[in-house]
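Student: Chains L and U, in that order, give the protein sequences. When the letters of the first sequence are read in order and numbered with my numbering, they come out as residues 16 to 813. When the letters of the second sequence are read in order and numbered with my numbering, they come out as residues 16 to 813. Sharing a structure with you now.
2 protein chains.
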Amino acid sequence: MITHTCFATEPWRLRETSLDLGVLAQSESVFALSNGHLGWRGNLDEGEPHGLPGSYLNGVHETHPLPYAEAGYGYPESGQTAINVTDGKVIRLLVDDHPFDLRYGELLSHERVLDFRTGVLGRTAEWTTPSGRTVRLTSHRLVSLAQRAVAAISYTVEAVDGPAGIAVQSELVANEQLPAASGDPRVAAVIDSPLLPEEHHAHGTRLRLVHCTASSRQRVAVAADHLVEGPAGTSWAAESEPDVARLTVTANLAPGERLSLVKFVSYGWSAQRSLPALRDQVEGGLAAARSTGWQGLLDGQRACLDEFWADGDVEVEGDAQVQQAVRFALFHLFQAAARAEERAIPAKGLTGTGYDGHAFWDTESFVLPVLTHTAPDTVAPVLRWRHSTLPSALDRARQLGLAGAAFPWRTINGAECSAYWPAGTVAFHVNADIAAAAERYVFATGDHAFHRGPGLDLLVHTARLWRSLGHADADGAFHIDGVTGPDEYSAVARDNLYTNVMARRNLLAAADAVALHPDRAAELAVGAAEAADWRDTAARIAIPYSERLGVHEQAAGFTDQQPWDFEGTAEEQYPLLLHFPYFDLYRKQVVKQADLVLAMLTCPDEFTDEEKARNFAYYEPLTVRDSSLSACCQAALAAETGHLDLAWAYTREAALMDLNDLEHNTRDGLHMASLAGTWIALVQGLGGLRRRYGAGPAVLPPGAGGPGEGAEAPVRFAPRLPATLTRLAFNVRVRDRRLRVDIGRDAARYTLLEGAPLPVLHHGTTAVLDPQAPAELPVPPAPETVEPPQPKGRAPLT
Amino acid sequence: MITHTCFATEPWRLRETSLDLGVLAQSESVFALSNGHLGWRGNLDEGEPHGLPGSYLNGVHETHPLPYAEAGYGYPESGQTAINVTDGKVIRLLVDDHPFDLRYGELLSHERVLDFRTGVLGRTAEWTTPSGRTVRLTSHRLVSLAQRAVAAISYTVEAVDGPAGIAVQSELVANEQLPAASGDPRVAAVIDSPLLPEEHHAHGTRLRLVHCTASSRQRVAVAADHLVEGPAGTSWAAESEPDVARLTVTANLAPGERLSLVKFVSYGWSAQRSLPALRDQVEGGLAAARSTGWQGLLDGQRACLDEFWADGDVEVEGDAQVQQAVRFALFHLFQAAARAEERAIPAKGLTGTGYDGHAFWDTESFVLPVLTHTAPDTVAPVLRWRHSTLPSALDRARQLGLAGAAFPWRTINGAECSAYWPAGTVAFHVNADIAAAAERYVFATGDHAFHRGPGLDLLVHTARLWRSLGHADADGAFHIDGVTGPDEYSAVARDNLYTNVMARRNLLAAADAVALHPDRAAELAVGAAEAADWRDTAARIAIPYSERLGVHEQAAGFTDQQPWDFEGTAEEQYPLLLHFPYFDLYRKQVVKQADLVLAMLTCPDEFTDEEKARNFAYYEPLTVRDSSLSACCQAALAAETGHLDLAWAYTREAALMDLNDLEHNTRDGLHMASLAGTWIALVQGLGGLRRRYGAGPAVLPPGAGGPGEGAEAPVRFAPRLPATLTRLAFNVRVRDRRLRVDIGRDAARYTLLEGAPLPVLHHGTTAVLDPQAPAELPVPPAPETVEPPQPKGRAPLT
């Protein structure tokens with residue numbers, strides 16, 4: 016619970032007021048900087064002490080054989096692990112020959128600040144050496160949002176109480192020693208010394224290292240240059256070895272004198288380009304950084320973030336922690352995506368090596384929905400990354416005996432590397448999640464070029480997968496058997512409802528897309544009969560429902576399963592997967608994470624309001640939230656079904672997952688999906704933002720659906736505040752407009768900030784927003800409800 | 016198809032008339048000798064060429080970590096692999112400095128004969144050296160059935176066409192080089208150089224090696240002594256190194272002169288006993304062997320086998336191949352069990368390292384039923400082995416959150432080492448199979464000491480497992496969810512019918528046992544309420560049945576699954592598990608091996624005759640027989656439902672599995688269960704031998720159930736011959752009697768060879784057999800039936 020010990024609650028920044036080595040690893044995650052291409056964990060400048068040193072380039076990974084004691088057909092043979100690349104952030108300091116290490120001497124003060132508007136991590140420290148000399152240290156670090164190859168550090172040391180002999184060693188370090196991996200199977204396997212040296216260079220104030228991975232043959236180049244400022248007598252020398260390049264600056268500081276340096280670092284990697292090409296690339300990046308200069312980089316950072324906040328800020332009145340948390344969340348989401356540019360957004364972004372640096376469905380189902388409405392320009396590149404892996408997905412489907420594309424459950428390079436098929440291969444819903452993300456993006460932005468290009472490919476090949484995966488029974492109902500839905504405490508089920516409704520949506524979206532782009536459809540050999548079959552199949556998809564209980568079933572037969580013995584389960588037996596065998600979890604009614612509840616969020620029009628209420632009440636006492644993906648979904652449906660205080664409790668859990676380290680693994684990196692969940696809980700939950708299905712075309716033909724045309728379906732809101740809040744306001748991008756929604760206890764005000772008039776559905780009332788006239792609409796009182804209980808001991812955290 | 020190329024069809028022996036190196040590895044399996052404690056593959060005396068060198072001691076194994084790319088709770092961490100122990104059968108020969116190797120020079124003749132009545136493997140060969148000298152070689156090899164530590168070889172070489180300088184090297188060789196393991200996941204992992212040398216010794220004609228395994232810390236000692244006979248000038252010398260001990264005998268033979276040696280070998284192993292103790296043990300065994308002498312060992316062998324054949328011979332008139340095959344099968348089953356003595360019977364016996372040398376449910380469900388009726392004295396020791404592993408099974412159940420005992424799916428030392436839980440951990444039926452084997456043994460022998468001792472422990476702890484594994488639904492039906500039955504192409508199902516009816520039988524047998532032995536029950540804290548609950552649970556167990564189709568379901572919902580596309584499956588795509596992913600097999604109607612059909616064999620009174628016929632007709636077209644366990648069960652039910660020619664075809668498939676290498680993996684060892692299946696198909700199938708359930712107590716109280724008392728349930732037979740056969744006769748042990756059943760086309764004759772009068776049910780007619788008066792009863796004609804088809808391309812082999 017690091018918030019409680021050393022973090023200050025402030026609306027626009029995360030400030031650590033003292034240093035607690037016990038939470039150092041967590042702090043490295045929350046203070047991580049990234050632009051989606053390059054990520055630096057918030058390691059101390061001097062490198063040690065550390066929890067986990069981390070410098071990552073999106074896509075750089077090593078491959079390794081996946082071991083199986085008993086192998087099976089179609090098991091992936093090769094694993095992928097994101098590696099710690101050359102560390103460009105190390106700046107070691109010696110004061111009168113004492114290495115600056117917070118574990119020795121006396122730390123008089125230490126503060127770190129991550130500012131969500133400047134995008135800079137600042138640090139100040141005052142330290143007295145074991146021999147009694149005090150220095151003051153200031154550093155500012157950024158990973159440039161404007162220049163994707165570039166990171167930079169401004170570093171200053173000042174003598175305080177007497178003359179000090181100072182040596183500053185600014186380094187590039189490859190193959191840093193990493194701590195041993197945890198025994199928790201969910202934590203990344205660490206690969207030691209993954210980088211083979213190819214070239215090292217040091218001259219003047221410039222450093223460069225080039226390495227290559229052994230198996231994946233990815234070349235990584237890093238270069239650095241420095242501006243040095245110090246009193247007379249300041250001198251420096253550069254040197255290099257295969258795994259380290261170092262600029263050593265020495266100076267004798269009188270009290271009050273300072274030694275400063277600015278370190279520009281440029282990164283590049285490629286599995287294709289030659290050593291000279293890559294060398295030139297990083298030198299070019301470095302030249303650009305020098306030319307921009309430190310102040311220019313700061314300005315660029317600020318400009319990018321100003322634009323982001325204008326599109327997507329969320330204001331929360333009544334809970335300062337959540338106010339801070341939602342901005343922390345949005346900041347990190349934006350960082351993870353800003354310059355990812357046809358690479359994945361891993362489950363941990365570029366903040367740590369949890370889950371081996373793999374991307375999952377989290378990206379399309381949690382992260383992209385938020386970015387679609389807050390930073391839509393970052394979304395298409397991520398979807399284009401998925402599209403670029405289509406050849407792997409087509410191969411994988413063929414290998415599995417299926418048509419279309421089967422995208423991987425977890426991957427870096429597009430090939431499946433999930434070694435446990437019941438929760439990997441057969442979690443086919445990832446395909447519908449990808450299709451939905453593509454369709455959602457087009458719905459929100461009207462990006463028709465994307466829709467007729469990669470979007471259509473994604474929709475068609477995933478639709479074909481569903482058609483071949485399922486089968487019609489004697490009565491014509493279409494069943495999808497042997498699949499695993501989002502809830503990983505059930506597996507290999509018949510007719511997982513989430514999967515089925517998402518598959519339906521996928522089939523219909525594909526049919527809509529081919530109707531809109533017949534020429535492209537012809538290229539993919541989609542004829543009228545195939546598209547008609549998709550619609551027909553969508554209409555016949557089985558939706559499991561228990562007449563006895565009057566609720567939907569998570570999968571066929573789910574409600575007939577034995578209930579889990581929650582009363583007999585001790586608190587320390589969570590997460591259950593570490594204390595009970597899969598077979599026992601699978602055969603009983605216990606839900607790891609929102610599954611049917613998520614279906615009600617992603618496919619709201621498949622359920623009546625009454626069904627939503629009954630379903631939520633049924634599944635809530637079965638859901639243990641052993642996944643960080645759950646709380647936000649439960650928040651959204653709790654809000655929709657009128658349990659506003661419960662919605663708020665779940666909102667807080669989602670929001671504080673990393674700041675309060677609720678799952679005790681923030682050290683491995685931030686939970687991108689839970690960060691996204693903060694926004695989902697607030698905007699989709701309390702704000703009630705939903706897409707309406709079946710109330711107008713999902714994707715408007717080019718030219719149609721312009722300003723206020725009748726064809727356009729209204730965007731739905733249903734805002735209501737929990738008792739804690741006095742106000743919730745957010746900017747949101749939707750249907751190519753920019754909107755502001757300002758929700759008070761009694762009324763909500765909708766302002767169209769940018770774009771053509773837009774129909775909005777507010778608690779069942781339609782209003783057409785006009786740029787000139789904000790609409791203020793009353794918030795009806797919440798219905799009387801009885802809040803469903805959670806399993807014993809599993810009430811919302813925080 | 017080795018039978019067709021070089022094996023002669025003879026009733027009492029297996030004779031190889033020429034040497035085909037292409038089938039060398041298979042021939043090593045079929046010519047393997049064993050006594051259940053020690054096994055020698057049929058490797059050539061001179062060691063090379065070989066398919067797989069193999070010397071095994073039952074229970075000797077090495078452990079190794081089981082790798083998981085994604086581990087899970089309760090996954091076994093340690094694997095076990097049977098190892099090739101010190102080879103005591105190597106006798107190398109040099110003729111005029113040419114090593115005798117069949118790949119060089121000229122092989123004039125070569126014959127090997129395994130005699131099922133003498134228990135000796137004989138070999139004769141005439142060979143001309145590359146330089147033109149011809150020698151004649153004769154060897155006889157036995158693994159003693161009477162002296163379990165002992166094996167022996169009589170070896171003679173004779174100069175034929177001129178003087179020959181002869182050197183014979185009789186060796187003990189440890190850590191033989193093994194061929195690389197196959198890529199087939201079902202074939203054993205081979206562990207290289209598993210033996211660490213501890214002691215080597217050579218003196219006079221005596222040799223000794225002692226080794227120890229690195230991880231399992233099992234000490235293996237082997238000693239040999241020799242009797243040498245040769246012309247004047249014959250001399251010898253012994254020497255030893257850590258991994259080899261060697262007696263070299265040299266002689267110059269004139270034409271017609273012979274050099275002979277008898278090699279006695281004694282083996283011992285222990286994980287407990289010290290090096291000196293084990294050394295003394297093997298020297299003691301050796302002394303005993305010398306004292307018995309070669310002829311004495313031959314006599315002992317013959318005596319053991321005479322007794323076995325008197326109890327269990329099967330005569331088949333009309334198919335000479337099957338006549339040979341059934342004796343081959345019974346011989347190998349007897350070899351595998353004779354002196355196993357509280358060790359397992361592995362799936363391959365001691366004939367190869369297939370399946371890592373593990374024992375499965377095959378033992379209790381296929382091998383023991385045959386031995387129970389042919390060599391019952393061998394059965395209790397095997398069941399005592401299971402009982403000795405009860406502590407592991409109790410631990411495993413606890414780990415899985417269950418009561419009672421959960422015996423392993425595959426093991427050597429009693430700990431689970433199945434690394435794939437859907438076909439390991441949750442194949443809980445192995446527990447009912449063990450209970451059934453114990454109960455069956457007591458039923459057949461009246462061994463009340465076993466019943467009130469280890470039998471009761473096994474029955475009670477497995478009953479408790481079932482009670483905790485299942486649960487009652489709202490209507491009171493007892494369901495067992497999340498389990499895998501015998502069919503490995505379905506998994507993690509609800510209410511697998513085989514499992515459920517076997518669990519019912521288990522619960523009732525436990526309740527009967529505690530009623531008979533209340534004092535022992537009290538020791539296990541089984542009160543009246545618990546036993547009553549077992550009976551009540553047994554009565555309420557769910558039996559899945561499709562009203563729509565009028566057939567039982569293999570598991571709940573099975574008949575609603577999508578049918579497998581047999582028409583679209585090519586012949587080379589079998590076995591399916593090597594060409595299709597598990598999830599696709601699991602979710603479709605395709606049956607690897609008899610499952611429901613096996614239930615009809617093991618629990619015949621759970622089904623009416625009509626249900627058996629309909630069920631067999633339904634499942635036959637779905638069953639692909641990708642397991643060698645299947646054909647015999649299908650044979651038995653085909654016979655019972657009147658498809659006599661189909662029954663015969665399956666009998667042949669089971670019988671010729673190894674002789675004809677039908678699954679192309681006899682090289683890895685013999686299929687013990689399929690060997691047993693030969694007897695099952697003939698005696699239970701065509702003979703119709705069944706236990707009646709519910710028609711009298713399964714186990715009679717001591718003193719009761721003696722000669723012809725009314726309490727005793729009749730033993731059921733329903734003999735009928737297929738068109739091919741003119742006669743089928745077998746001796747069988749049942750209810751502590753010895754019976755002979757002689758079946759002709761029109762009548763069957765029952766003779767009580769030994770024991771008190773016994774009621775027999777013959778095609779519905781009860782006759783009480785009296786020692787004085789054999790009963791001859793007419794065989795009614797078979798009903799008219801329509802033979803169900805097999806899946807495309809999956810007709811019975813042979």
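Note that CB positions come from ideal geometry on N, CA and C, so glycine has one too.
1) Out of L:647, L:171, L:801, L:782, point me to the one whose CA is closest to residue 657 of chain L's CA.
2) Determine the closest residue to residue 787 of chain L out of L:770, L:699, L:559, with distance taken between C-alpha atoms.
3) In angstroms, rounded to a whole number, what distance separates the CA positions of residue 388 of chain L and residue 455 of chain L?
4) Residue 277 of chain L to residue 153 of chain L, Cα distance in whole Å?
5) Taking 8 Å as the CB-CB limit, is residue 143 of chain L close to chain U?
6) State yes or no: is the C-beta of residue 480 of chain U within less than 8 Å of the C-beta of residue 565 of chain U?
7) Just how far apart, CA to CA, sit residue 326 of chain L and residue 49 of chain L?
8) Please return the same chain residues whose Cβ sits closer than 6 Å to the Cβ of residue 338 of chain U, not counting the five positions on each side in sequence.
9) Under 9 Å between beta-carbons, which chain L residues line up against residue 434 of chain U? List them in chain order, please.
10) By the DSSP assignment, the beta strand (DSSP E) with residue 221 of chain L in it spans what residues?
11) Could you give the DSSP three-state label for residue 306 of chain U: helix, strand or coil?
12) Tell me the rounded alpha-carbon separation between residue 99 of chain U and residue 68 of chain U.
13) Around the Cβ of residue 162 of chain L, are there at least 16 other Cβ atoms within 10 angstroms (buried) or fewer (exposed)?
14) Taking residue 82 of chain L and residue 114 of chain U to be in contact with their CB atoms under 8 Å, please state how far apart those CB atoms are, rounded to whole angstroms.
15) Of all the residues that make up the segment 576 to 609 of chain U, which are near chain L by a beta-carbon distance shorter than 7 Å?
16) With a threshold of 8 Å between beta-carbons, can residue 89 of chain L be considered close to chain U, or not?
17) For residue 78 of chain L, which residues in the same chain have their Cβ closer than 7 Å to its Cβ, ignoring the five residues on either side in sequence?
18) Where do the ends of the alpha helix (DSSP H) carrying residue 552 of chain U lie?
19) Just by C-beta distance, which residues in the segment 476 to 488 of chain L are closer than 8 Å to chain U?
20) Give me the residue from U:689, U:772, U:61, U:634 with the minimum Cα distance to residue 804 of chain U.
21) Please report the residue range of the alpha helix (DSSP H) in which residue 586 of chain U lies.
22) Pull the bridge partners of residue 275 of chain U from the DSSP assignment, please.
23) Confirm, please, whether the CB-CB distance from residue 646 of chain U to residue 665 of chain U is below 8 Å.
24) What residues from chain U crowd round residue 441 of chain L, counting only those whose CB sits closer than 7 Å?
25) Is there a C-beta anywhere in chain L that falls below 8 Å from the one on residue 801 of chain U?
26) In the DSSP output, which residue or residues are listed as bridge partners for residue 93 of chain U?
27) Excluding five sequence neighbours on each side, which residues of the same chain lie with their C-beta closer than 6 Å to the C-beta of residue 639 of chain L?
28) Going along chain L, which residues have a C-beta under 9 Å from residue 415 of chain U?
29) Going along the chain, which residues of its own chain have a beta-carbon closer than 7 Å to the beta-carbon of residue 488 of chain L, five neighbours each way excluded?
30) Between the segment 467 to 484 of chain L and the segment 517 to 530 of chain L, can you find at least three pairs of beta-carbon atoms closer than 8 Å?
31) Between residue 374 of chain L and residue 72 of chain L, what straight-line distance do the alpha-carbon atoms span, to the nearest angstrom?
32) With 16 other CB atoms within 10 Å as the buried threshold, where does residue 585 of chain L fall?
33) Can you give me the start and stop residues for the beta strand (DSSP E) that residue 446 of chain U sits inside?
Tutor: Here's the rundown:
1) L:801
2) L:770
3) 10 Å
4) Using only the alpha carbons, I get a separation of about 12 Å.
5) no
6) No. Outside cutoff.
7) 20 Å
8) 26, 331
9) 83, 84, 85
10) 221 to 228
11) helix
12) 8 Å
13) buried
14) Their Cβ separation, rounded to whole angstroms, is 41 Å, which puts residue 82 of chain L and residue 114 of chain U out of contact at 8 Å.
15) 576, 577, 592, 593, 594, 595, 596, 597, 598, 599, 601, 602
16) yes
17) Here the set comprises 93, 94, 95, 230, 231.
18) 543 to 555
19) 486, 488
20) U:634
21) No alpha helix (DSSP H) holds residue 586 of chain U; DSSP gives it neither H nor E.
22) U:171, U:244
23) yes
24) 598
25) No, its Cβ sits nowhere closer than 8 Å to a Cβ of chain L.
26) U:80
27) Closer than 6 Å at the Cβ level, and outside the excluded window around residue 639 of chain L, lie 806, 809.
28) 595, 596, 598, 599
29) 494
30) yes
31) 14 Å
32) exposed
33) Element bounds for residue 446 of chain U: not the beta strand (DSSP E) but the alpha helix (DSSP H), 444 to 460.
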